Amino acid sequence: MGEDVAALELTDVTSGYGSTTVLRDVSLRVPTGSVVALLGANGAGKTTLLRTAVGLNPVSHGRVEVFGTDITPESPPRRARRGVCLIPEGRAVFKSMSVWENLALQVRRGDATQAVEKATEAFPVLGRRLGQTAGSLSGGEQQMLALARAYTTDPRIVLVDEPSLGLAPQVVETVFGFLERLAARGAALLVVDQFIGQVLDLADHAYVLAHGELTFAGTPAQLRSGDVFEKYLG
Ligand SMILES: Nc1ncnc2c1ncn2[C@@H]1O[C@H](COP(=O)(O)OP(=O)(O)OP(=O)(O)O)[C@@H](O)[C@H]1O
Ligand SMILES: [Mg+2]
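Residues 172 to 405, numbered by this note's numbering, are exactly what the sequence shown covers, in order.
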């Protein structure tokens, strides 16, 4: 850590919704090339933190930096152009559009074919469903389509919110395998997921949020050891 520039860094961030404060003085680092797990109970503020990082929730205090640049005042599209990508909870796809159209939408200009190739390389099942509407895909296939965006656009920082929610165990394996490949390609990841064991297996660092404040920051091994885990997540 130390002198290295982080891919994403939140410093003393306070944010929320309108006049409702959710996060209080949260400082979190996602080092370049690393996977960071963000854990915490329901309502702790995990989704709010991811949304704040991509600019969907306003920061009332503190700052957000991407590769050392203060991006706190920037809009979500501007942050996206810097390579910051949020895969939100709940299979965010355009249900009435075909799989091909969903993938083609992700490329700003030019090569839709290439985007489709990348996506189907990541998830072969999508290659067999290109003409089908996204809404007619299974839940797992819809989540794969949503995740494919993190592959086709080559983001440098990917924030993933509950990618395995409601999926069968086999599909959960596929999702975690995908996240592992994404990290191996060099993307920095910040991952929220209910399968704590699997996220910690993947992660280099872990944070725990409780009531909008960080209660743990350290390695997965430290988090797993003894009372820390019991105290915050047991
Ligand atoms: N649009 C909103 N307006 C006001 N408060 C909100 C809004 N969305 C979420 N909150 C509140 O912010 C707090 C944190 O919610 P958040 O969704 O960030 O939690 P979470 O850790 O992602 O929980 P979960 O594990 O259930 O997804 C909760 O108390 C929630 O009620
Ligand atoms: Mg959430």
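Ideal Cβ placement from N, Cα and C applies to all residues, glycine included.
Every value quoted in this text rests on a predicted model; they were computed, and no experiment measured them.
Cβ-heavy atom distance, residue i to ligand 1, below 7 Å
| i | result |
| --- | --- |
| VAL235 | no |
| ASN273 | no |
| VAL197 | no |
| GLY211 | yes |
| ALA178 | no |
| TYR403 | no |
| ALA215 | yes |
| THR191 | yes |
| TYR188 | yes |
Check: residue i C-beta below 7 Å from any heavy atom of ligand 2
| i | result |
| --- | --- |
| ASP332 | yes |
| THR218 | yes |
| GLU260 | yes |
Residue i in three-state terms, based on DSSP
| i | result |
| --- | --- |
| LEU318 | helix |
| VAL296 | helix |
| MET172 | In this prediction, MET172 scores a pLDDT of 48, lower than 50, which makes its location untrustworthy; the coordinate-derived value is nonetheless stated afterwards. In this structure, MET172 counts as coil in the three-state DSSP scheme. |
| ARG222 | helix |
| LEU394 | helix |
| SER186 | strand |
CB-CB length for residue i against residue j, believed under 8 Å
| i | j | result |
| --- | --- | --- |
| VAL206 | VAL362 | 6 Å |
| VAL379 | LEU210 | 5 Å |
| VAL270 | LEU316 | 6 Å |
| GLY311 | LEU276 | About 21 Å separates the two Cβ atoms, so there is no contact after all. |
| VAL329 | ILE258 | 7 Å |
| LEU181 | GLY216 | So it is not a contact: roughly 12 Å between Cβ atoms. |
| PHE347 | LEU318 | Not a contact, Cβ separation roughly 11 Å. |
Beta bridge counterpart(s) of residue i as assigned by DSSP
| i | result |
| --- | --- |
| PHE366 | None, per the DSSP bridge assignment. |
| PRO202 | ALA177 |
| PHE387 | VAL379 |
| ILE328 | VAL255 and ALA359 |
| GLU236 | GLU180 and ASP241 |
Selection from the options that minimises the alpha carbon distance to residue i
| i | options | result |
| --- | --- | --- |
| THR219 | VAL287, VAL399, ALA381 and ILE367 | ALA381 |
| VAL201 | GLN365, PHE366 and THR390 | THR390 |
| ARG252 | GLY239, VAL225, PRO229 and GLU260 | VAL225 |
| ALA358 | ALA321, PRO334 and ASP332 | ALA321 |
| VAL331 | VAL235, GLN365 and LEU274 | GLN365 |
| ASN169 | TYR188, GLY383 and ALA377 | The chain is shown from 172 up to 405; residue 169 falls before or after that span and cannot be answered. |
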